[in-house]
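The structure appears below as structure tokens.
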Ligand code: HGY
Ligand code: MN
Ligand code: MN
Ligand code: MN
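Residue numbers (the UniProt record's numbering): 1 to 421.
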């Protein structure tokens, strides 16, 4: 990894108007009534977003490669092109009720850095790569952060390709149907390696805005465990069936929902637990629910807590099943431990913010990001900027153009400090 070149380019600034326009142009693909974006992974809307990105990246002089899980790499040659690459990226797939900025900002901030270097006629010593990672959100297909997870060897390509959505469409089929099943091997067979990975992202929480601070220097990200739970009782008539004789799967599920919340509260302030999806069968107003399927998303700042929460959740499910006279299945579908980021790169982010005279503070990311898996194979760090009222994974997600511009300038300077000019 190159030693950090002195950051002598604080006089170069990105074009905030062009960045904002790119964000608005991309947000048109999958735009929703309420001003958000619904661009689920590997749908035709995702294809349209990918195609637009590739066209922009080619216009910026990049060479495009796509790997076998659909990650897109836009490469800008360096003077010494065999040096380890300095990488940035994020995702353009969104939640069903997603916003314009989650993921999209990190991809387009990276593009803005390349465009700015083109305008300034600067070729860096090391090559640069801008990445669009496949299925970061984990909403349509599990696991979350799928493309970066395969790239970093967290799970196999075959495992990822074999995952299916709730309609039974596999990642393999969906990837082929949008034409992004690439030829590049993944994990990569790259000889050169990655010198540094930076990811710019909105905070998706209230900390920066409440502290009236522009730059979040992300020191780590919470670990996560995701579960699929199935509780099976007996469908029966809501009228003639006496209360003590019921095997009500939804009643048992409600015990688990409350218990998950209590488990997180018991590990305050950093633990999290969310039941975000639930399917009640047969979902008829005068039938006692016979089967309930639901998800549990648990997070914590240290692995010991995360495993204590796992034990507590499984005990809560068993107790609810016993009490409700129902059977229970619990499958863990995602696990990654809390991930600290690389100190020397975190320092580059701090230095970039200071050199640009921007307010900055250390934060821990409650959200998972592709940088979490990239941190397993390269020094990685993240740059956060505030989002309005700390709201994300919501169509009203919003961010200030000047904050997005500031974060992109910090990204530019952190990358130049690593890539050498
Ligand atoms: O769930 C997460 O942390 C991210 O939005 N995929
Ligand atoms: Mn994101
Ligand atoms: Mn997200
Ligand atoms: Mn994320």
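Heads up, the beta-carbon is just placed ideally off N, CA and C, and yes, glycines get one too.
On the three-state DSSP scale, how would you describe residue i?
i: residue 91; result: coil
i: residue 314; result: helix
i: residue 20; result: helix
i: residue 335; result: strand
i: residue 254; result: helix
i: residue 209; result: helix
i: residue 145; result: coil
i: residue 342; result: coil
i: residue 184; result: strand
i: residue 170; result: strand
i: residue 305; result: helix
i: residue 352; result: helix
i: residue 397; result: coil
i: residue 79; result: coil
i: residue 48; result: helix
i: residue 268; result: coil
i: residue 177; result: helix
List the residues that DSSP assigns as beta-bridge partners of residue i.
i: residue 216; result: 361, 384
i: residue 263; result: Per DSSP, none; premise fails for residue 263.
i: residue 231; result: 292, 328
i: residue 298; result: 225, 273
i: residue 159; result: Answer is none; residue 159 lacks a bridge partner.
i: residue 64; result: 74
i: residue 237; result: 287
i: residue 138; result: According to DSSP, which records beta bridges pairwise, residue 138 is partnered with nothing at all.
i: residue 37; result: 31, 98
i: residue 85; result: 194
i: residue 164; result: 170
Taking all protein chains shown into account, decide if residue i is buried (16 or more other Cβ within 10 angstroms of its Cβ) or exposed.
i: residue 100; result: buried
i: residue 135; result: buried
i: residue 7; result: Low confidence applies here, because residue 7 scores a pLDDT of 48, under 50, leaving its location unreliable; read the following figure in that light. Buried is the call here.
i: residue 434; result: This structure leaves residue 434 out entirely; the chain is present only between 1 and 421.
i: residue 265; result: exposed
i: residue 413; result: buried
i: residue 210; result: exposed
i: residue 40; result: buried
i: residue 339; result: buried
i: residue 284; result: exposed
i: residue 282; result: exposed
i: residue 3; result: With a pLDDT of 46 at residue 3, under the threshold of 50, the predicted position of this residue should be treated as unreliable, and no value is reported.
Closest to residue i by C-alpha separation, out of the options, would be which residue?
i: residue 277; options: 130, 71, 138; result: 138
i: residue 144; options: 243, 124, 160, 207; result: 160
i: residue 181; options: 50, 326, 81; result: 50
i: residue 381; options: 257, 200, 303; result: 200
i: residue 326; options: 247, 251, 310, 357; result: 247
i: residue 234; options: 344, 215, 183, 290; result: 290
i: residue 213; options: 202, 117, 221, 220; result: 202
Along the beta strand (DSSP E) that carries residue i, what are the first and last residues, could you check?
i: residue 196; result: 194–202
i: residue 115; result: No beta strand (DSSP E) contains residue 115, which is instead part of the alpha helix (DSSP H) from 104–120.
i: residue 132; result: 128–132
i: residue 279; result: 278–281
If I follow the unbroken alpha helix (DSSP H) through residue i, where does it start and stop?
i: residue 417; result: 401–419
i: residue 189; result: Counting along the chain, residue 189 falls outside any alpha helix (DSSP H), and DSSP gives it neither H nor E.
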